[in-house]
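In our numbering, the protein residues as written are 3 to 437. Below is one structure, written out as structure tokens; comments come after it.
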Ligand SMILES: [Cu+2]
């Protein structure tokens, strides 16, 4: 009995039982989820005609094909649902805790038995922890190297716009500075923890303060941050504040976000978009364009963005409902689309889509406009193709776009005006009669 108490064997046994229980419950959950996934897959196959009732947002052809393929695979053996359940990970975590607890208990039993036999303690825990610090340092630094070379290579392609070079330069400078600081501080942090690990033969040296060190680690980061902030300020100002002359040179287009698509309006021959007002929005005039404004008479609605190469494009960005964000990663362009407040971004594409395809050796490559603000359930699908072409190709394409102020719109406006004037006349008559 004394032995059981001393080595806490009861506690150990209860841990083992708990572990077994957890293990069996995990496999039980895995099985149930499997069956659920299989049933779902079966139903999906049985009723392939079950399509979403709402109208498709943007080209759903690709999506449907994908999900059909997934269902066929799922019918055979789809275990993926199990790994998506939060319970799976909670139980996995608990299991890990129990495992660590068991290992700890075993080690404790080992140590106590050595102590009983009058031998020296089996483990030098200070040393073990020191060595773990060293291992963590080596593994961590390898992780940094791996993520920079493997993932870094995947994340950034060359900027396809002129101003993007400045942003990329800033990004590189910041990455280099922060990487140096990160690596050095971690070498010191983990290296010192290893080298000066606790030992009975050594006494810690009390070193509470040093003004010189304080000065160094205040002044050096202050200078580095000042350089980074000023560099950012001037680069951003250079990008967002083009001169009047440069603004006039640019092709002006308006892009207005809406849940969940982008509306694109070209400014026509006057290179000015007409005013619009949300109060004028009707089923036929979705952007609320004020056609009394002459500037809107030559405006054209387009289904995609086509822009000329080596000439600035000025985008007037707006939103019809909630916050969206105009984002073309290849051009390093991003600007919020705010309801009721137009924002602008001017950029110059360096390569045409065809040149970019050749450069990347990818015949299917396209520049794509995305939304970078989580704006609702269809946010992920809020994208629009952007094609960069030569100046001549652009002119030919733009000339073919239909003008928004067409006969139908004119007729609708005339009718609305006639109705309004009729009402006015009636009001005038009534007031005259009442006199
Ligand atoms: Cu959006």
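Just so you know, even glycine gets a beta-carbon here, dropped at the ideal spot from N, CA and C. Given the structure is predicted, the values throughout are model-derived calculations rather than measurements.
(message) For a test of the three-state rule: what should DSSP assign to residue 125, helix, strand or coil?
(response) Reading the chain shown from its first residue, position 123 is the one you call residue 125. If DSSP states are grouped into helix, strand and coil, residue 125 belongs with coil.
(message) Given a cut-off of 8 Å on the beta-carbon distance, is the pair residue 309 and residue 337 in contact?
(response) Translated into the one-based positions of the chain shown, residue 309 becomes position 307. Translated into the one-based positions of the chain shown, residue 337 becomes position 335. Taking 8 Å as the Cβ cut-off, residue 309 and residue 337 do not qualify as a contacting pair.
(message) Between the alpha carbons of residue 405 and residue 362, how many angstroms are there, rounded?
(response) Start at 1 with the first residue of the chain shown, and residue 405 comes out as number 403. Start at 1 with the first residue of the chain shown, and residue 362 comes out as number 360. Roughly 36 Å between the two C-alpha positions.
(request) Figure out for me which residue from 393, 356 and 335 has the closest Cα to the Cα of residue 164. (result) Counted from its first residue, the chain shown places residue 164 at position 162. Looking at the Cα atoms, 335 is the closest of the given residues.
(message) Just to be sure I understand the criterion: a residue counts if its Cβ is closer than 6 Å to at least one heavy atom of ligand 1. Which residues meet that?
(response) 259, 326, 373, 375, 377, 381 and 384
(request) Could you check which residue in 300, 96 and 269 has the C-alpha nearest to that of residue 317? (result) Sequence index remark: in the chain shown, residue 317 carries index 315 (1-based). The residue with the shortest Cα to Cα distance from residue 317 is 269.
(message) Going by C-alpha to C-alpha distance, which of 387, 421 and 323 sits closest to residue 376?
(response) Taking the chain shown and counting its residues from 1, one reaches residue 376 at position 374. Measuring from the Cα of residue 376, the nearest candidate turns out to be 323.
(message) Please list the terminal residues of the continuous beta strand (DSSP E) segment that includes residue 386.
(response) Here residue 386 refers to the residue found at position 384 of the chain shown. Its beta strand (DSSP E) spans residues 385 to 391.
(request) Could you give the DSSP three-state label for residue 303: helix, strand or coil? (result) Sequence index remark: in the chain shown, residue 303 carries index 301 (1-based). Strand, per DSSP.
(message) Does residue 296 pass the burial test, meaning 16 or more other C-beta atoms within 10 Å, or should it be called exposed?
(response) As a first step, residue 296 is located in the chain shown; it is residue number 294 there, counting from the start. It counts as exposed.
(message) For residue 64, which residues in the same chain have their Cβ closer than 6 Å to its Cβ, ignoring the five residues on either side in sequence?
(response) As a working mapping, residue 64 is identified with position 62 in the chain shown. Residue placement at residue 64 cannot be trusted, given a pLDDT of 35 that sits under 50; the coordinates are not used to answer.
(request) Apply the 10 Å Cβ neighbour rule to residue 390 and answer buried if 16 or more other Cβ atoms are within range, or exposed otherwise. (result) Stepping through the chain shown from its first residue, residue 390 is reached at position 388. So residue 390 counts as buried.
(request) Output the distance between the C-alpha atoms of residue 366 and residue 380, rounded to the nearest integer angstrom. (result) Here residue 366 refers to the residue found at position 364 of the chain shown. Here residue 380 refers to the residue found at position 378 of the chain shown. Distance between the alpha carbons of residue 366 and residue 380 is about 24 Å.
(request) Quickly, what does DSSP pair residue 264 with across the bridge? List them, please. (result) Walking along the chain shown from the start, residue 264 turns up at place 262. Answer is 259.
(message) If you reduce the DSSP assignment to three classes, tell me which class residue 165 lands in.
(response) Taking the first residue of the chain shown as position 1, residue 165 is located at position 163. Note: residue 165 maps to coil in three-state DSSP.
(message) Let's test the definition: count the other Cβ atoms within 10 Å of the Cβ of residue 178 and tell me whether it reaches 16, buried, or not, exposed.
(response) For the purposes of this step, residue 178 is taken as the residue at position 176 of the chain shown. So residue 178 counts as exposed.
(request) Classify residue 231 as buried or exposed, calling it buried when 16 or more other Cβ atoms lie within 10 Å of its own Cβ. (result) As a position in the chain shown, residue 231 is number 229, starting the count at 1. Residue 231 should be labelled exposed.
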